[in-house]
Amino acid sequence: MLLPLGGLPRAIDHGLESLRMHSERPLILVVEDESGIAETIHYALSSDGFLPEVCTTARQAMERFAEQAPALAILDVGLPDMSGFELLRRLQDLPGGKSVPMLFLTARAGEIDRVVGLELGADDYIAKPFSPRELVARVRTILRRSQRMTAQPEPVQAASVKAPAPGRGNEAAARVDGRVSAADLSTSAIRPSSNEPSPDSLSSSPFVLDEECRLIHYHGQSLNLSRYEYGLLAALIQRPGRVFTRNELLERVWDDPGESFDRTVDAHIKTLRAKLRLVREDEDPIRTLRGIGYALKARPSS
Numbered sequence: 003m004l005l006p007l008g009g010l011p012r013a014i015d016h017g018l019e020s021l022r023m024h025s026e027r028p029l030i031l032v033v034e035d036e037s038g039i040a041e042t043i044h045y046a047l048s049s050d051g052f053l054p055e056v057c058t059t060a061r062q063a064m065e066r067f068a069e070q071a072p073a074l075a076i077l078d079v080g081l082p083d084m085s086g087f088e089l090l091r092r093l094q095d096l097p098g099g100k101s102v103p104m105l106f107l108t109a110r111a112g113e114i115d116r117v118v119g120l121e122l123g124a125d126d127y128i129a130k131p132f133s134p135r136e137l138v139a140r141v142r143t144i145l146r147r148s149q150r151m152t153a154q155p156e157p158v159q160a161a162s163v164k165a166p167a168p169g170r171g172n173e174a175a176a177r178v179d180g181r182v183s184a185a186d187l188s189t190s191a192i193r194p195s196s197n198e199p200s201p202d203s204l205s206s207s208p209f210v211l212d213e214e215c216r217l218i219h220y221h222g223q224s225l226n227l228s229r230y231e232y233g234l235l236a237a238l239i240q241r242p243g244r245v246f247t248r249n250e251l252l253e254r255v256w257d258d259p260g261e262s263f264d265r266t267v268d269a270h271i272k273t274l275r276a277k278l279r280l281v282r283e284d285e286d287p288i289r290t291l292r293g294i295g296y297a298l299k300a301r302p303s304s
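Here is the structure:
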């Protein structure tokens, strides 16, 4: 049978359009075992253009996450079958898990719980009772921040670069296959600086920055970093010896510093140091200036 001129029947056409719009809504995985709170979150997110999917257990959440990684995950800490902290670790180990922003929404409002959540790599921590409008605003902020980080332009690569001539040690070293050493930082993965690091500090750096893959190697070993750990370390690598205040690091790495606080930087530096010690237990390349901020030692020493 021939269809009427003009294509599909109107009902089918509307159905396809509805399916298209439905698929374009960002999927938000909500892991919450209290039905009343889950319904409130679902309504707030769906009313603001998101596609929330509620799971009441950690096991259910891991199964759904494995089927399709969401744009963002909202996790309760006090789940019936597993701690939300442990769930975050397991979700990060799933394919694509490390690129999914995660937010804790929990009745545990103590500072230690906030710090633990942030140390594990959570992007935000909201205590109950909460404002649904604030929750949606935080979700939008995190997604916007994540999109900015993933949409950063790739560095321009030259076909070949000659090695610096004697007496010209302040020039960038040659780059090979897009891999950038700490000496080649004219193009920054965070925000470029017009001031060049000194040649002496560059030559002794144990770090290699791979901007295309967003990886950092330390003494030849690839570091398994969260997005913020990567951002902090990359910012420090840009200027060895230069002291960054906490506010400066928030501005450089988080993009929306008003949504974070000083302890956020401290918590991520702590986990970053722990990962560096796994490679070289006798070295601490990050220098702390109490009450001020952090710097990368020009020549790391034990």
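Going by the working numbering, the sequence shown opens with residue 3, and the numbers climb by one from there.
Think of the CB as a built atom: it goes at the ideal place given N, C-alpha and C, for glycine as much as any other residue.
key: Where D125 falls, given that 16 or more other Cβ within 10 Å makes a residue buried   = Against the sequence shown, residue 125 aligns to sequence position 123. So D125 counts as buried.
message = Per the DSSP calculation, Y220 is bridged to which residue(s)?
response = Here residue 220 refers to the residue found at position 218 when the sequence shown is read from its first residue. Paired residue(s): F209 and Q223.
request  = Report yes if the C-beta distance between I43 and P134 is below 9 Å; otherwise report no.
outcome  = Here residue 43 refers to the residue found at position 41 of the sequence shown. Here residue 134 refers to the residue found at position 132 of the sequence shown. Contact flag set, yes.
query = Pick from R142, V102 and A129: whose alpha carbon is nearest that of L70?
reply = For the purposes of this step, residue 70 is taken as the residue at position 68 of the sequence shown. Here the sequence assigns Gln to residue 70, which means Leu is not the residue at that position. Restricting attention to R142, V102 and A129, the CA atom closest to the CA of Q70 is found in V102.
request  = Flag this pair as touching only if the segment 48-65 and the segment 84-96 have three or more C-beta atom pairs under 8 Å; answer yes or no.
outcome  = A contact is defined here as three or more CB-CB pairs under 8 Å, and the segment 48-65 meets this definition with respect to the segment 84-96.
key: Assigned exposure category for Y230 - 16 Cβ within 10 Å defines buried   = Position 228 of the sequence shown holds residue 230. Under a 10 Å Cβ-count criterion, Y230 is classified as buried, with 16 or more other Cβ atoms of the shown protein chains found around its own Cβ.
query = Using a Cβ-Cβ cut-off of 6 Å (strictly less than) and excluding sequence neighbours within five positions of Q94, which residues of its own chain qualify?
reply = Start at 1 with the first residue of the sequence shown, and residue 94 comes out as number 92. Closer than 6 Å at Cβ, skipping near neighbours: K100.
query = Is DSSP giving S228 helix, strand or coil here?
reply = Against the sequence shown, residue 228 aligns to sequence position 226. For S228, the secondary structure class from DSSP, reduced to helix, strand or coil, is coil.
query = From the beta carbon of V267, is the nearest beta carbon of chain B less than 9 Å away?
reply = Absent from the structure is chain B; it holds one protein chain and no more.
query = How many angstroms separate the CA atom of E108 from the CA atom of E55?
reply = As a first step, residue 108 is located in the sequence shown; it is residue number 106 there, counting from the start. As a first step, residue 55 is located in the sequence shown; it is residue number 53 there, counting from the start. A small correction: the amino acid at residue 108 is Thr; Glu does not occupy that position in the sequence shown. One C-alpha to the other measures close to 18 Å.
key: Cross-strand partners of L291 (DSSP beta bridge)   = Within the sequence shown, the letter at position 289 stands for residue 291. The beta-bridge partner set that DSSP reports for L291 consists of G295.
ask   = Can the beta-carbon of L77 be found less than 9 Å from the beta-carbon of V118?
value = For the purposes of this step, residue 77 is taken as the residue at position 75 of the sequence shown. For the purposes of this step, residue 118 is taken as the residue at position 116 of the sequence shown. Going by C-beta atoms, L77 is not nearer than 9 Å to V118.
task = Kindly list the residues whose CB is nearer than 6 Å to the CB of R217, restricted to its own chain and excluding five residues on each side of it in sequence; keep chain order.
result = Taking the first residue of the sequence shown as position 1, residue 217 is located at position 215. Going by the sequence as given, residue 217 is Leu instead of Arg. Cβ neighbours of L217 within its own chain (closer than 6 Å, five residues either side excluded): S224.
L74, DSSP secondary structure in three states = Position 72 of the sequence shown holds residue 74. Annotated three-state conformation of L74 is strand, per DSSP.
query = How should Q240 be labelled, buried or exposed, when 16 other C-beta atoms within 10 angstroms of its C-beta is the threshold for buried?
reply = Reading the sequence shown from its first residue, position 238 is the one you call residue 240. A residue is called buried when at least 16 other Cβ atoms come within 10 angstroms of its Cβ; Q240 meets this threshold and is buried.
key: For Q238, the three-state DSSP class (helix, strand or coil)   = The residue labelled residue 238 in the question sits at position 236 within the sequence shown. Strictly speaking, residue 238 in this sequence is Leu, with Gln absent from that position. Helix.
key: Opposing strand residues paired with P54 [DSSP bridges]   = Translated into positions along the sequence shown, residue 54 becomes position 52. Its beta-bridge partners are I30.
DSSP-derived helix/strand/coil call for E156 = Taking the first residue of the sequence shown as 1, we reach residue 156 at position 154. Residue placement at E156 cannot be trusted, given a pLDDT of 45 that sits under 50; what the coordinates show is reported in the next sentence. Coil.
ask   = In chain order, what residues of the same chain lie with their CB nearer than 6 Å to the CB of L29, ignoring the 5 residues before and after it?
value = For the purposes of this step, residue 29 is identified with residue 27 of the sequence shown, where counting begins at 1. Result list for L29: L53, P72 and A73, in chain order.
query = Which same chain residues, not among the five before or five after R275, have their C-beta less than 7 Å away from its C-beta?
reply = The residue labelled residue 275 in the question sits at position 273 within the sequence shown. Closer than 7 Å at Cβ, skipping near neighbours: D286 and I288.
query = For S133, does the three-state DSSP call read helix, strand or coil?
reply = Residue numbering aside, residue 133 sits at position 131 when the sequence shown is read from its first letter. Residue state for S133 is assigned as coil, using DSSP reduced to three classes.
ask   = If we count the other Cβ atoms within 10 Å of its Cβ and call it buried at 16 or more, is R146 buried or exposed?
value = Counting from one through the sequence shown, the residue named residue 146 turns up at place 144. Around the beta-carbon of R146, fewer than 16 other beta-carbon atoms lie within 10 Å, marking it exposed.
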